[in-house]
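Residue numbers (this note's numbering), protein chains in the order written: chain A, 1 to 256; chain B, 1001 to 1390; chain C, 2001 to 2316; chain D, 3001 to 3288. In this text, a Cβ means the ideal position worked out from N, Cα and C, and glycines have one as well.
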Amino acid sequence: MDPILRIDDLCKAFGGIVVADHVALSIAPGEILGLIGPNGAGKTSLFNLISGVVAPDSGKIHLEGREIDGLKLHDRARAGVARTWQHMRLFRTMTVLENMLVGPRGYPGESLLASVLGTGRVRRAETDACDRAMSILDRMGLAATAEHIVVDLPFGQQKLIGLARALMNDGRLLLLDEPMAGVEGSNYLTMQRVVHDEAAAGRAICVVEHNVGFIKDLCTTAVFMAQGRILQRGTVEELTHSRELTELYFGTAEAH
Amino acid sequence: MSERQSNNGSAFGRRKALALPFAALAARSGRAVAQAKEPFRFGCLMPTTGLEAGYGLDFVKTFEMATKDINDHGGVNGHPLEMVVLDTQAKPELAIPAAQKLIDVDKVPLIVTAWSSVVKALGPVMNRGRTLQLNMGANSPDIANLGDFTYSTFPLADVDVTALANYCHTKMGKRRAAVLYINNDTGIGGAKLFRDTFTKAGGEIVAFEAYDPKATDFTGLLLKVRVANPDMVHMHSLAELPQVIAQMRQLGMTQQITSYSVGYNPKILAQLGAAAEGLIVTSLAPTSTANPNVVKLLDLWKQVGRAPNGLPYLQYAWDTTLVTAQVYGWLDQQNMPLTGENCRKALLAIKTFDLPMTGKLAVTDDHKVQKPVYLYVVKNQQFTLLETIA
Amino acid sequence: MIEPAILLQILWTGIAMSSYFVLLTVAFALTLKVEKLWNFAQAGLMGVAFFAMFYAMNALALPTWAGIAIGLGATIAAAVALEVWAIGVLRARNSGGLTFFIFTLVFSQFAAYALTILFGTEPETIYPSVMSPVRILGGVAVSDWDLLAVATTLALMAALWAFLRFTRDGQFMIAVSDNAKLAEIYGISAKRAYVISGVIAAIFLTAGIFLYGTRAGVTPDVPLVLVLTAVIGALLGGIGRIFAAGVAAVSLGLLQSFSILFIPSKWQALLLYGVLFGALILFPRGLPAWRIWRLRRRLGPATPPAAPEPLTEAGE
Amino acid sequence: MEYLASTILLIGIFVILAASYNLIIGYGGLNTVAHPIFFALGAYTSGLLGAATGLPAVVCVLAGVAVAMAASFVLAITTLRISGDYLLIASLGFQLGLLQLVNNVEFTGGPAGLSSIPDTFAGPGRGAIYVVICTAAAALVVWAIWRTMNGPFGRAVRAMRDDELACAALGRSLIGMKIRIFALGCGAAGLAGGIYAYYFQYISPEQFQVAQSAEILTMVVLGGIGTTLGPIVGALVLVVLPQAINFLHLPNGLVGPAQGIIFTALVILFLFLRPGGLVGTAGAGAAH
């Protein structure tokens, strides 16, 4: 099976600080890849490089065989890169449903004229998007929150909405930046279930997490990063049992 | 020169007797107190706040003084004269609605105004509202072309600046002039007039430089002028005039400086001290030494407790009130209603006004006003009459 | 046509004339840095300072030192009152930046109207005369006022630098400007820092308007014009860089003075705004040297987060 | 009543200006103060064209709209590089620089202003006709902005205001949206300028200075930033209030300053009593 995401020889440095050092990586459909490593290892930077927040110094990024490293941030989203953010970045003055409705990638309503005139196409697209948003929210047990201003909700639910909004993109690649941090109880289980469901639906998912416990709950495979380099790739089990890596990272992480 | 001066003096002496025709009208109507009849109102649009308010408020005070004086002498045929003042901040966008309020709500047939941009903006408003605008202080040459409802009681810039430029060339023998001016309507208009007149008279303009209205450091500008080596500098400035002169003198530049009526201000003498010596300015109205009527105005200002800003302008303010009263008085006598159109008719019918503070005013079809120009030179920290150019 | 003496003269007078501009710019930049506040109310405070001094020295005929003391007292009192009863209230409500912007602007207009009623609208100067004795040094005219202005400005700038560098309150102010919430966690009172920055700004404003008012006429509307110019200086220096703002203020003045030798003077203002617009497009975060330094500071793992910022600026 | 007509006209003009400015700063979160320059470009273009060519007023006003839109493109492009307070000051430089240009070239009339704008609809019905035109224009602008901001496009714009990065990462082209907001908002300002120029027949650079930026901004914030009704209420209050104060019979020497004190005091009072604006509840959605 062809990988959905393939990264070759990706390099990026900020004024002497290397965040990506010849990174090569691929993620297959249905795979949930964990990205682990110490602080400053370049995990979030890698997300930013893939999604187009920053441009790489060199290297290639392919999405479903298509070269996307020349595309702008919004064009990569339209190509099918969906992501969440460590600090969620929800639209704080808007309702849950409105947050969701910014998600779909191609949207006829984005045309100003169509928006003013409110053509039938716009109305149909709006109805379709609403239906899809409600079904995603429903899957997460959040349908009742649709009309709430998003920042009024508890933290765990906001995290879920961050994921739900990214799902509206319906891209084949899903980048999740610390989806589990601070999420507890039923929200935790929902998150886990939804991520697994999405993988089962054939998406390639990449997860940045600090907590190895979360990685174990979520991921099938994982890579270990430090100082912008990928040191090792394997199953979560393999990585946690690597002595070298344990010294580098897990020794402290497993203490709590 | 002395002959001219004495001629003028006597002319004013003669006028004094004719100065208060409305008082005669009042006496004829048989009423001494002007409170019994319905008041006659006129509008007054002046900057009473903002950067120009220093003059605007003093104009308003003078209008009040003149109105009170008229009412103390029986009003207009027994009708008390009333003034409705609104603030313009010297800005057209505020002046237009204010004028429309005066026209539609206060129903005044006549509005006194000043400041070129305001007068010009009000031109179309007045034409449409068929209300008479009397400009008593703006001097942009364009004002002559604003249509049937805008007249001036104040000579436009060509009168004094032309006289000054010619005087500098012919009488003072200046050949190389530098012109510094503030980059706004007043400055540009005046500076161009000076340049054109001086060049036409045969002189050469060696530097012609504008500065930003917000500027405070004129060193570069002045040094550029110094390099051009003029034998005189004309400054068409506003409130920053003393600063420009101070900096010029402190740079050791000793050339003759001239300015226009804005420079005729006692404050400049205090601020500049010895540095003001030799400064030549214009005035469009005679001083108290040439015209005893002005003493009365100065006495009234003494009660205010300070020296007024721009005395010549205040003389026009006073006299414009009298023009208004005469126009109203004429209409009242003819039993014509006080409308803008009738005010215009009255203005053109009376045609010649003998006014106590500024001399004769002849209303002409070209909407211009001819007045003698008085040149003053600062001598021993005093404005001294240098020349009267009729 | 351009002789060295002329250039020197423009340089010297330009520096002297920009002294009050520097003081007003620094006052604006300081509150912008510490309080994150576009404090147009400083125009109102300038008005209070000027007319307090003017009244004390003319109507009451007090000596200069007493006039300045009264001006300082009135301005500081007004600044503190404004901080406590108005700006503090808005801040406690988490008002948006635009609300502060408008409040401070409208406050200054209010102050201008009130001062108009009290003192009229004639341009007044602190002393009746605006002339000051001149000596010629090496072909350059240097007036007493020039010397006073430059000395006052240098002294106040040095004092501010020392205050921020060496006193606890000064360092607390820097900490608050970096991150008010974090500073509060460490037990630093943001409120106190705000009041102190307000007081320092008041001192600078009083000094600035004193210098201006001994040189040119002041009406109640003049301060608002002055503060708008100060804003441009503060921004060109880069938000948060107090001393760079002062340098920018001088540079702007000199740019205008010198450029007059090369371009017609009426295009001066366009040059200024062109520089403003162009500089921001080319260097969206201030000038390049500072930009690199900033970036290094943000990313560099070894740099302590609370490095005293003005120290580095003063070195530039 | 010409007075009533001109007051209504001014309300209409400022409703257009405040509503379109609110679109940019309130909904779009794009901190610019340069709105009056687009008002000026509309006014000058239509005025100059009308004076020079005698083309129908409608054509001249539309040309003004087009010029304002075209110029807005420059400002929209600058938002690619700068934002926040820096954008505020760059826009100030843009506004004052262009005004300086208008001030210094000859054909605009310079500081003396442009007073040769032809008189349209001359006659007693003039005021009424202009009131109808201006009210219709204001209604159209307000409706278009309301429509846009409550549709999918407006949702994306508000999302951009709340978080540019997240919005772009969902596939929204920021620069595309900014160009469109600026075009719509500044085009509306140009329309207001055209009507203003034809009605008052006199324009000068000083009418479009920073003071007017502050006035429009005050209308938006006082009324309620980021709301549909806020700018309308703000414009209404700020145009009518000074006129109403004109009806107070104040001593002549105090007319200006006393009105100023009353006006500014009321504005300060409103700001403190209604922190979220006269309309709307919270300033949370505000820019900055």
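According to DSSP, residues forming a beta bridge with residue i
| i | result |
| --- | --- |
| Ser58/A | Cys11/A |
| Arg6/A | Ser26/A and His62/A |
| Gln3201/D | The partner list for Gln3201/D (beta bridge, DSSP) is empty, contrary to what the question assumes. |
| Gly34/A | Val207/A and Ala222/A |
| Val1112/B | Cys1044/B and Leu1134/B |
| Tyr1181/B | Ala1210/B and His1236/B |
| Glu1408/B | This structure gives no information on residue 1408/B, because the portion of chain B shown stretches from 1001 to 1390. |
| Glu2124/C | Val2218/C |
| Thr3227/D | Beta-bridge pairing links Thr3227/D to no other residue. |
| Thr95/A | Ile149/A |
Run of the alpha helix (DSSP H) containing residue i, from where it starts to where it stops
| i | result |
| --- | --- |
| Tyr2113/C | Gly2097 to Phe2119 |
| Ser1117/B | Ser1116 to Gly1129 |
| Ala2069/C | Thr2064 to Leu2082 |
| Val3267/D | Val3255 to Leu3273 |
| Ser1283/B | Looking at the DSSP string, Ser1283/B is not in any alpha helix (DSSP H); the run it does join, the beta strand (DSSP E), is Ile1280 to Ser1283. |
| Leu3009/D | Glu3002 to Tyr3021 |
| Ser3213/D | Val3210 to Gly3223 |
Residue range of the beta strand (DSSP E) that includes residue i
| i | result |
| --- | --- |
| Arg229/A | Arg229 to Thr235 |
| Asp1087/B | Leu1081 to Asp1087 |
| Asn1135/B | Leu1132 to Asn1135 |
| Glu1204/B | Glu1204 to Tyr1211 |
| Ala3071/D | That residue, Ala3071/D, is in no beta strand (DSSP E); its alpha helix (DSSP H) goes Ala3057 to Thr3078. |
| Val2048/C | From DSSP, Val2048/C is part of no beta strand (DSSP E) but of the alpha helix (DSSP H) over Ala2041 to Phe2054. |
| His1236/B | Met1232 to His1236 |
| Tyr1151/B | Thr1150 to Ser1152 |
| Thr1258/B | Gln1256 to Thr1258 |
Cβ-Cβ separation, residue j to residue i (assumed contact under 8 Å), whole Å
| i | j | result |
| --- | --- | --- |
| Val1294/B | Gln1271/B | Not a contact, Cβ separation roughly 23 Å. |
| Val1233/B | Gln1247/B | Their Cβ separation, rounded to whole angstroms, is 12 Å, which puts Val1233/B and Gln1247/B out of contact at 8 Å. |
| Ile3016/D | Ala3192/D | 4 Å |
| Gln3079/D | Leu3087/D | What sits at residue 3079/D in the sequence shown is Thr, not Gln. The pair is a contact, with the Cβ atoms about 6 Å apart (cut-off 8 Å). |
| Thr2031/C | Gly2198/C | 7 Å |
| Ser1140/B | Lys1120/B | 7 Å |
| Val3061/D | Gly3194/D | 3 Å |
| Pro1124/B | His1079/B | Actually they are not in contact, since the Cβ atoms of Pro1124/B and His1079/B sit about 30 Å apart, beyond 8 Å. |
Listed by chain order, chain F residues near residue i by CB distance under 9 Å
| i | result |
| --- | --- |
| Glu1209/B | Going by chain labels, chain F is absent from the structure shown, which instead holds the protein chains A, B, C and D. |
*What residues in the segment 3193 to 3227 of chain D have a beta carbon less than 7 Å from any beta carbon of chain B?*
Phe3200, Gln3201, Tyr3202, Ser3204, Glu3206 and Gln3207
*Could you tell me which uninterrupted alpha helix (DSSP H) segments, each at least 4 residues in length, are contained entirely in the segment 1333 to 1381 of chain B, listed from first to last along the chain?*
Note on the segment 1333 to 1381 of chain B: whole alpha helix (DSSP H) runs with a minimum of 4 residues are 1340 to 1350, in chain order.
*Jot down the residue ranges of each uninterrupted alpha helix (DSSP H) in the segment 2221 to 2265 of chain C, minimum 4 residues, whole runs only, in chain order.*
2222 to 2237 and 2242 to 2259
*Members of the segment 2244 to 2267 of chain C that neighbour chain B once the beta carbon cut-off is set at 7 Å*: Those residues of the segment 2244 to 2267 of chain C that come within reach of chain B (Cβ to Cβ, closer than 7 Å) are Gly2253, Ser2257, Phe2258, Ile2260, Leu2261, Ser2265 and Lys2266.
*Using a Cβ-Cβ cut-off of less than 7 Å, give me the residues of the segment 3226 to 3259 of chain D that come near chain B, in sequence order.*
Gln3243, Asn3246, Asn3252, Gly3253, Val3255, Gly3256, Pro3257 and Gln3259
_Segments of 4+ residues assigned as alpha helix (DSSP H) that fall wholly inside the segment 3126 to 3190 of chain D_ = 3126 to 3149, 3152 to 3162 and 3164 to 3169
*Residues of the segment 1052 to 1064 of chain B with Cβ closer than 9 Å to any Cβ of chain D, in chain order*: Ala1053, Gly1056, Leu1057, Val1060, Lys1061, Phe1063 and Glu1064
*Which of the residues in the segment 3094 to 3112 of chain D, read from start to end, lie with their CB under 8 Å from any CB of chain B?*
Asn3103, Asn3104, Gly3110, Pro3111 and Ala3112
*When you check each C-beta in the segment 1223 to 1238 of chain B against every C-beta of chain C, which residues fall closer than 7 Å?*
Leu1223, Lys1224 and Val1227
*Which of the residues in the segment 3066 to 3093 of chain D, read from start to end, lie with their CB under 9 Å from any CB of chain A?*
none
*Give the residues from the segment 137 to 153 of chain A that approach chain D closer than 7 Å (Cβ to any Cβ), ordered along the chain.*
none
*Can you list, in chain order, the residues of the segment 1242 to 1253 of chain B whose Cβ is nearer than 7 Å to any Cβ on chain C?*
The segment 1242 to 1253 of chain B vs chain C, Cβ under 7 Å: Pro1242, Gln1243, Ala1246, Gln1250, Leu1251 and Gly1252.
*Between the segment 2002 to 2014 of chain C and chain B, which residues of the former have CB atoms less than 7 Å from a CB of the latter, in chain order?*
Correct list: Ile2006, Gln2009, Ile2010, Thr2013 and Gly2014.
_Positions along the segment 1117 to 1129 of chain B whose CB lies within less than 9 Å of some CB in chain D_ = Ser1117, Lys1120, Ala1121, Leu1122, Gly1123, Pro1124, Val1125, Asn1127, Arg1128 and Gly1129
*Using a beta-carbon distance cut-off of less than 9 Å, what residues from the segment 3121 to 3144 of chain D approach chain A?*
Trp3143 and Ala3144
*Proximal residues, the segment 3006 to 3021 of chain D versus chain C, C-beta separation under 8 Å*: none
*asked:* For the segment 2094 to 2118 of chain C, list every residue whose C-beta sits within 7 Å of some C-beta in chain D, in sequence order.
replied: Ser2095, Gly2096, Gly2097, Leu2098, Thr2099, Ile2102, Phe2103, Leu2105, Val2106, Phe2107, Gln2109, Phe2110, Tyr2113, Ala2114, Thr2116 and Ile2117
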